[in-house]
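Chains as they are written, first to last, in our numbering: chain A, 72 to 317; chain B, 24 to 340.
The beta-carbon is built from N, C-alpha and C at its ideal position, and this holds for glycine as well.
Here the structure comes first, spelled out in structure tokens, and everything after it is commentary.
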């Protein structure tokens with residue numbers, strides 16, 4: 072069996088904050104096209120781990136390889152341009168700008184890097200509106216982003232991620248604070264995104280995880296505790312103990 | 024549509040200023056010439072402060088770099104006006120590049136302090152080289168040196184009408200440049216950096232490089248104002264490098280409306296006339312100025328153009 076080079080892999084990735092080892096020696100591989108969920112109790116190091124991947128924080132040791140290239144020392148903005156998009160756990164949008172401007176900023180970045188394209192008003196309009204339509208926000212394009220309902224702000228985060236046309240989209244607890252109805256349409260959206268991009272999802276809502284993830288990685292105390300299909304994880308005794316507090 | 028409206032508005036402002044050359048009495052025409060040049064200074068400041076959110080307390084150094092770059096080359100080296108203006112622009116741009124590169128490692132209050140310090144260094148340097156600059160007393164450029172060569176003719180910048188038109192030409196160019204800039208994708212990126220720097224980084228923008236570019240363009244515009252001031256008004260003194268001239272553009276921009284294209288012009292004009300009018304009646308004119316500022320903050324908290332945009336004309340750039 073030929074080994075397929077994963078889109079993202081980490082080797083011995085560690086990060087400590089003072090005495091606290093938030094992420095320890097994590098070896099992780101994510102093949103292209105997969106929807107992967109990372110679960111684990113609070114403080115397990117999930118957000119720190121994806122922050123190391125997208126470059127918001129730098130590792131104490133270890134490497135991150137994306138698309139065959141070592142990106143461990145690359146600043147965050149260069150990793151984004153290499154194709155890693157991150158949506159914030161705590162909603163981080165441009166509240167004072169219009170919804171359209173929010174996605175246009177993302178589309179503009181990827182258009183600037185695309186040699187064939189140019190960030191003309193028309194191209195921005197097309198790409199920006201496409202991202203808004205996918206997330207169902209097209210009707211709010213001219214509204215001030217800060218005036219959107221909370222659920223819509225979460226969607227705008229995702230729309231900005233989409234407008235970057237990433238190869239890997241990292242979603243950090245995207246359904247936090249959403250209503251049941253909103254969660255259903257969110258699951259459908261992520262499934263849709265999963266057709267074009269690889270998705271790495273941190274999520275606490277197990278229904279969402281079970282509905283979306285092809286594979287699940289369980290983290291606990293900065294380490295990877297288990298990894299497998301949703302069925303395997305559900306049956307895993309160690310996971311039940313750590314995560315379900317059994 | 025909004026694009027067309029804003030273009031018409033800016034064209035109308037320029038046309039109005041053009042017409043005022045023929046309508047204003049001599050005294051007021053002089054004030055307007057000065058205001059237009061200083062408004063360009065304020066526009067440069069506004070790009071860094073208003074649009075990019077960089078509160079600098081040292082922009083006097085960029086204005087003064089332009090002023091001295093043009094003034095010293097004319098006075099000591101006998102350069103003619105065009106190359107002297109070029110020297111002024113170059114001096115201001117290089118200074119902005121170096122200062123920006125160092126100061127932008129800091130943010131917030133530290134950035135204010137660092138820019139203030141650099142400006143103080145610049146100010147003290149102009150005093151240190153008193154042999155060449157004559158310090159506070161300054162240099163008066165000889166009238167004969169201040170003539171602008173254009174294809175086919177040469178104009179003396181000491182003539183009030185020529186001076187007014189030269190100031191207006193500079194204002195028009197810079198206003199046009201700023202208008203294009205802030206409506207471009209780059210301008211949108213600067214505003215977004217002001218709003219949420221961390222998000223911009225995670226959208227793949229090199230925040231430092233964008234800020235540096237903003238400071239350099241801002242410095243270039245301020246230096247253009249300084250260089251123009253030297254050749255139009257023929258006076259070059261270190262007073263222009265002092266802290267007062269770092270605070271004034273901040274005040275003009277806040278008065279007129281930060282992050283608006285026309286705000287700096289409105290603010291500068293307004294401030295000049297409050298002082299001018301008040302000092303006709305009382306020696307305690309600063310009291311009147313202070314009162315006017317307080318009233319403005321109360322009723323126009325976002326500056327004149329900023330509040331107009333917020334309440335009535337959302338399409339204002």
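CB residue 200(A) to CB residue 209(A), shorter than 8 Å? As a working note, residue 200(A) is residue 129 in the first chain. As a working note, residue 209(A) is residue 138 in the first chain. Taking 8 Å as the Cβ cut-off, residue 200(A) and residue 209(A) qualify as a contacting pair.
Indicate whether at least one CB of chain B lies closer than 8 Å to the CB of residue 221(A). Residue 221(A) sits at position 150 when you count from the first residue of the first chain. Not a single C-beta of chain B is nearer than 8 Å to the C-beta of residue 221(A).
Limits of the unbroken alpha helix (DSSP H) element including residue 276(B): The residue you call residue 276(B) lines up with position 253 of the second chain. Here the alpha helix (DSSP H) through residue 276(B) covers 267 to 279.
What does a CB cutoff of less than 6 Å around residue 157(A) pick up in its chain, not counting 5 residues either side in sequence? Position 86 of the first chain, counting from 1, holds the residue named residue 157(A). Here the set comprises 125, 241.
What is the residue span of the alpha helix (DSSP H) that residue 264(A) lies within? Position 193 of the first chain, counting from 1, holds the residue named residue 264(A). It spans 251 to 264 - the alpha helix (DSSP H) in which residue 264(A) sits, taken as one unbroken run.
Does DSSP put residue 115(A) in a helix, in a strand, or in coil? Along the first chain, read from residue 1 onward, the residue named residue 115(A) stands at position 44. Reduced to three states, the DSSP call for residue 115(A) is coil.
Give, in chain order, every residue of the stretch 170 to 186 of chain A whose Cβ lies closer than 9 Å to some Cβ of chain B. 172, 173, 175, 176, 177, 179, 180, 181, 182, 183, 184
Bounding residues of the beta strand (DSSP E) (the contiguous stretch that carries residue 179(B)): On the second chain, residue 179(B) is found 156 positions in, with the first residue counted as 1. 176 to 179 is the span of the beta strand (DSSP E), which, as asked, contains residue 179(B).
With DSSP as the reference, please indicate the residues paired to residue 56(B) in a beta bridge. Here residue 56(B) is taken as the residue at index 33 of the second chain, counted from 1. According to the DSSP secondary-structure assignment, residue 56(B) is paired through a beta bridge with no residue.
Can you check whether the C-beta of residue 24(B) is within less than 8 Å of a C-beta belonging to chain A? Walking along the second chain from the start, residue 24(B) turns up at place 1. In this prediction, residue 24(B) scores a pLDDT of 49, lower than 50, which makes its location untrustworthy; the coordinate-derived value is nonetheless stated afterwards. Not closer than 8 Å to any Cβ of chain A, the Cβ of residue 24(B) fails to qualify, so no.
State the start and end residues of the unbroken alpha helix (DSSP H) segment that holds residue 92(A). In the first chain, counting from the first residue as 1, residue 92(A) sits at position 21. First-last for residue 92(A): 91 to 101, but that is the beta strand (DSSP E), not the alpha helix (DSSP H).
Could you check what DSSP says for residue 317(A) in three-state terms: helix, strand or coil? Sequence index remark: in the first chain, residue 317(A) carries index 246 (1-based). Residue placement at residue 317(A) is flagged as unreliable, the pLDDT there being 46, under the threshold of 50; a coordinate-derived value is accordingly withheld.
Step through the CB atoms of chain B and report whether any lies within less than 8 Å of the CB of residue 137(A). Position 66 of the first chain, counting from 1, holds the residue named residue 137(A). So no, residue 137(A) is outside the interface.
Our contact map puts residue 114(B) next to residue 88(B) with C-beta atoms below 8 Å; I'd like the distance itself, whole angstroms only. To locate residue 114(B), count along the second chain from 1; it is residue 91. To locate residue 88(B), count along the second chain from 1; it is residue 65. 4 Å between Cβ atoms; contact.
Residues of the stretch 215 to 249 of chain B whose Cβ lies closer than 8 Å to any Cβ of chain A, in chain order: 215, 218, 219, 221, 222, 223, 224, 225, 226, 227, 228, 229, 230
Give every residue of the same chain whose Cβ lies closer than 7 Å to the Cβ of residue 102(A), excluding the five residues on either side of it in the sequence, and list them in chain order. Within the first chain, residue 102(A) is the residue found at index 31, counting from 1. Here the set comprises 75, 77, 78.
Mind listing the chain B neighbours of residue 124(A)? Cutoff is C-beta to C-beta under 8 Å, in chain order. Against the first chain, residue 124(A) aligns to sequence position 53. Contact annotation for residue 124(A) against chain B: no contact, minimum CB-CB distance about 12 Å [criterion: below 8 Å].
Classify residue 105(B): buried if its beta carbon has 16 or more other beta carbons within 10 angstroms, exposed otherwise. Position 82 of the second chain, counted from the first residue, corresponds to residue 105(B). Exposed is the call here.
Assuming the contact rule is C-beta atoms closer than 8 Å, residue 246(B) and residue 92(B) should be a hit. Round their C-beta distance to whole Å, please. In the second chain, counting from the first residue as 1, residue 246(B) sits at position 223. In the second chain, counting from the first residue as 1, residue 92(B) sits at position 69. Contact holds; Cβ gap of about 7 Å.
Name, please, each residue of chain A whose Cβ falls closer than 9 Å to the Cβ of residue 347(B). Only positions 24 to 340 of chain B appear in this structure, which leaves residue 347(B) out of reach.
Reference residue 123(B); option with closest CA among 258(B), 137(B), 111(B): In the second chain, the residue the question calls residue 123(B) occupies position 100. Of 258(B), 137(B), 111(B), the residue nearest in Cα terms is 137(B).
Could you check which residue in 120(B), 182(B), 57(B) has the C-alpha nearest to that of residue 84(B)? The residue labelled residue 84(B) in the question sits at position 61 within the second chain. Checked all of 120(B), 182(B), 57(B); the closest Cα to residue 84(B) is 120(B).
Give the single residue among 243(A), 292(A), 287(A) whose Cα lies nearest to the Cα of residue 307(A). For the purposes of this step, residue 307(A) is taken as residue 236 along the first chain, with counting starting at 1. Ranked by Cα distance from residue 307(A), the options 243(A), 292(A), 287(A) are led by 287(A).
Output the distance between the C-alpha atoms of residue 170(A) and residue 307(B), rounded to the nearest integer angstrom. For the purposes of this step, residue 170(A) is taken as the residue at position 99 of the first chain. For the purposes of this step, residue 307(B) is taken as the residue at position 284 of the second chain. Between residue 170(A) and residue 307(B), the C-alpha separation is close to 49 Å.
Which word fits residue 152(A), buried or exposed, when buried means at least 16 other C-beta atoms lie within 10 angstroms of its C-beta? Position 81 of the first chain, counting from 1, holds the residue named residue 152(A). When all chains shown are included, residue 152(A) counts as buried.
What number of angstroms, rounded off, separates the C-alpha of residue 184(A) from the C-alpha of residue 282(B)? Residue 184(A) sits at position 113 when you count from the first residue of the first chain. Residue 282(B) sits at position 259 when you count from the first residue of the second chain. Taking the straight line joining both Cα atoms gives about 28 Å.
Take residue 275(B) and list the residues in its own chain whose beta-carbon comes closer than 7 Å to its own, dropping the five residues that flank it on each side. Reading the second chain from its first residue, position 252 is the one you call residue 275(B). Answer for residue 275(B): 65, 287, 290, 291, 294, listed in chain order.
Taking residue 117(B) as the reference, give the member of 255(B), 304(B), 240(B) with the closest Cα. Within the second chain, the letter at position 94 stands for residue 117(B). Nearest of 255(B), 304(B), 240(B) to residue 117(B), Cα basis: 240(B).
What does the alpha-carbon distance come out to for the pair residue 168(A) and residue 151(B)? Start at 1 with the first residue of the first chain, and residue 168(A) comes out as number 97. Start at 1 with the first residue of the second chain, and residue 151(B) comes out as number 128. Straight-line Cα distance between these residues: approximately 47 Å.
Are the CB atoms of residue 340(B) and residue 202(B) nearer to each other than 8 Å? If you number the second chain from 1, residue 340(B) lands on position 317. If you number the second chain from 1, residue 202(B) lands on position 179. Yes; because the gap between Cβ atoms is below 8 Å, this pair is in contact.
To the nearest angstrom, how far is the alpha carbon of residue 312(B) from that of residue 132(B)? If you number the second chain from 1, residue 312(B) lands on position 289. If you number the second chain from 1, residue 132(B) lands on position 109. Whole-angstrom Cα-Cα distance: 27 Å.
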